[in-house]
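**Student:** Residue numbers (this note's numbering): 2 to 392.
Glycine included, every Cβ here is placed at the ideal spot set by N, Cα and C.
Just so we're clear, the structure is a prediction, and the values are computed from it rather than from any experiment.
1) Using the C-alpha atoms, what's the distance from residue 27 back to residue 316?
2) If I measure Cβ to Cβ from residue 387 and keep anything under 6 Å in the same chain, skipping five residues before and after, which residues do I get?
3) Let me know the alpha helix (DSSP H) ranges lying completely inside the region 107-185, each 4 residues or longer, listed in chain order.
4) If you count every other CB in all the chains shown that lies within 10 Å of the CB of residue 120, and 16 or more means buried, which is it?
5) By the DSSP assignment, the alpha helix (DSSP H) with residue 83 in it spans what residues?
6) Residue 130 and residue 362 look like a contact to me (Cβ under 8 Å); what is the Cβ gap, rounded to whole Å?
7) Looking at the secondary structure, which residues open and close the beta strand (DSSP E) in which residue 189 lies?
8) Using DSSP's beta-bridge definition, name the partner residues of residue 32.
9) Any idea what DSSP makes of residue 255, helix, strand or coil?
10) Taking the Cβ atom as the reference point for each residue, do residue 1 and residue 310 lie within a distance shorter than 7 Å?
11) Does the region 53-61 come close enough to the region 369-383 to have 3 or more Cβ pairs within less than 8 Å?
12) Which residue comes first and which comes last in the beta strand (DSSP E) that contains residue 54?
13) Please report the straight-line C-alpha distance between residue 94 and residue 367, rounded to a whole angstrom.
14) What are the boundary residues of the alpha helix (DSSP H) that includes residue 341?
15) Hey, how far is the Cα of residue 143 from the Cα of residue 14?
16) Can you name the residues that DSSP bridges to residue 370?
17) Mind checking residue 96: buried by the 16 CB within 10 Å criterion, or exposed?
18) What does a CB cutoff of less than 7 Å around residue 88 pick up in its chain, not counting 5 residues either side in sequence?
19) Beta strand (DSSP E) containing residue 13: first to last residue?
20) Distance, Cα to Cα, residue 389 vs residue 319?
21) Is there contact between the region 273-288 and the region 60-79, where contact requires at least three CB pairs shorter than 8 Å?
22) Is the separation between the beta-carbon of residue 262 and that of residue 206 shorter than 7 Å?
23) Can the beta-carbon of residue 101 be found less than 7 Å from the beta-carbon of residue 257?
24) Is residue 102 helix, strand or coil when you go by DSSP?
25) Regarding residue 212 and the ligand SAH, is the C-beta to nearest heavy atom distance less than 6 Å?
26) With distances taken from CA atoms, which of 364, 353 and 271 is nearest residue 71?
27) Do you know whose CA, among 81, 382 and 349, lies nearest residue 35's CA?
28) For the alpha helix (DSSP H) holding residue 281, just list the boundary residues, first then last.
29) Spatial neighbours of residue 355 within its chain, please: C-beta separation below 7 Å, excluding the five flanking residues on both sides.
30) Do residue 212 and residue 185 have their beta-carbon atoms positioned less than 7 Å apart in this structure?
31) Thinking C-beta only, is residue 217 closer than 7 Å to residue 326?
32) How many angstroms separate the CA atom of residue 303 from the CA atom of residue 148?
33) Compute the beta-carbon to beta-carbon distance between residue 324 and residue 384, rounded to the nearest angstrom, for a pair I have assumed lies under 8 Å.
34) Measure the alpha-carbon distance for residue 11 versus residue 190 and round it to whole angstroms.
35) Pull up the distance between the alpha-carbon of residue 198 and that of residue 126, whole angstroms please.
36) For the putative contact between residue 226 and residue 111, defined by C-beta atoms under 8 Å, what is the C-beta separation to the nearest angstrom?
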């Protein structure tokens with residue numbers, strides 16, 4: 002029987018390669034050549050998930066009731082744990098029945114939410130540099146991303162009033178992310194207040210990605226968007242247990258806030274997935290209930306790594322942004338390099354994998370991103386290699 006050409010859809014053909022998949026391919030080629038790679042590229046915690054969370058999963062996985070389909074919105078006990086944590090952490094009150102939605106990791110919720118609210122021709126305001134899923138999810142829904150540049154001059158916050166009026170009229174959603182990936186910038190309550198006012202005035206749904214809210218240093222505890230008055234009326238906030246508790250492989254997160262937005266996202270999800278494994282939700286309850294006690298040790302490790310890496314980078318002449326939250330180091334590339342060429346240079350001359358800033362959008366050109374997701378000794382080794390390479 003003769004075969005026939007398998008033709009991808011136009012949306013797939015125009016989709017750029019996923020940034021981190023391309024980095025991994027580059028890394029694997031270097032490893033195949035025998036290079037001892039120091040991977041500062043992908044933000045995947047190298048530390049183990051805390052033991053109490055693992056033990057709870059071990060117990061829960063043996064429960065036969067967890068072997069069946071889970072509820073689409075997530076176990077009420079998990080959603081109650083989320084609401085309790087929000088009250089303790091942010092003094093924000095949530096109704097677990099309709100203001101909390103369980104996700105199979107925050108990535109899928111972020112990618113799916115445009116399907117619920119964006120029609121062809123609608124615009125979605127996305128930060129640049131920013132997480133690639135914001136524009137990709139928009140495009141999959143038939144919408145058009147409109148880039149909000151994040152610049153050092155404005156503390157990596159979007160200039161809302163600089164967005165053209167004709168763009169604002171067509172905008173349905175706005176994605177924000179603080180603490181920010183890739184710049185590690187944080188946002189103030191005053192900024193969130195201005196976002197609420199802007200969104201309310203122009204009827205734009207705010208989707209705030211707070212995946213890094215619990216990775217912070219020097220007592221700079223990041224705020225929740227929902228702490229701003231009126232925030233729940235205009236938007237939702239996405240969270241993940243991945244970064245806080247070293248659970249990237251577990252795929253568990255949640256969205257909270259406006260119940261109408263969550264209902265729309267929930268309708269998309271109920272047609273596309275069957276919910277998060279309930280045993281993982283049980284483990285998530287343990288994580289949320291023991292939150293600070295478990296996360297304090299993790300934060301201490303990242304802070305020690307930060308305090309080792311940043312002075313070393315400055316010593317070799319690199320300009321880096323202050324780091325008060327998240328585990329990303331935003332580095333200005335030296336003169337004569339682009340983001341991509343400096344990334345390639347570090348890999349070729351020092352065996353160090355980093356992420357080019359332009360992979361997060363055009364506004365990221367001129368920077369690279371490093372992560373703290375590797376042991377302190379390897380971070381110091383990376384600095385030593387840069388010094389030997391004359392960087």
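**Tutor:** Concretely, from the data shown:
1) 27 Å
2) Only 317 and 351 meet the Cβ criterion.
3) List check, alpha helix (DSSP H) in window: 107-118, 134-141 and 166-171.
4) exposed
5) 77-91
6) 5 Å
7) Counting along the chain, no beta strand (DSSP E) covers residue 189, and no H or E run does either.
8) Residue pairing by DSSP leaves residue 32 without any beta bridge partner.
9) strand
10) Only positions 2 to 392 of the chain appear in the structure, and residue 1 is not among them; the question remains open.
11) no
12) Careful: residue 54 lies outside any beta strand (DSSP E), inside the alpha helix (DSSP H) at 52-61.
13) 41 Å
14) 340-351
15) 15 Å
16) 331 and 356
17) exposed
18) 94
19) Boundaries around residue 13 are those of the alpha helix (DSSP H), 11-14, since no beta strand (DSSP E) includes it.
20) 15 Å
21) yes
22) yes
23) yes
24) strand
25) With respect to small molecules bound, the structure shown includes none, and the ligand SAH cannot be examined in it.
26) 271
27) 349
28) 279-290
29) Contacts found: 41, 42, 344, 347, 369, 370 and 371.
30) The answer is no: Cβ separation not under 7 Å.
31) yes
32) 31 Å
33) About 15 Å separates the two Cβ atoms, so there is no contact after all.
34) 41 Å
35) 16 Å
36) Actually they are not in contact, since the Cβ atoms of residue 226 and residue 111 sit about 14 Å apart, beyond 8 Å.
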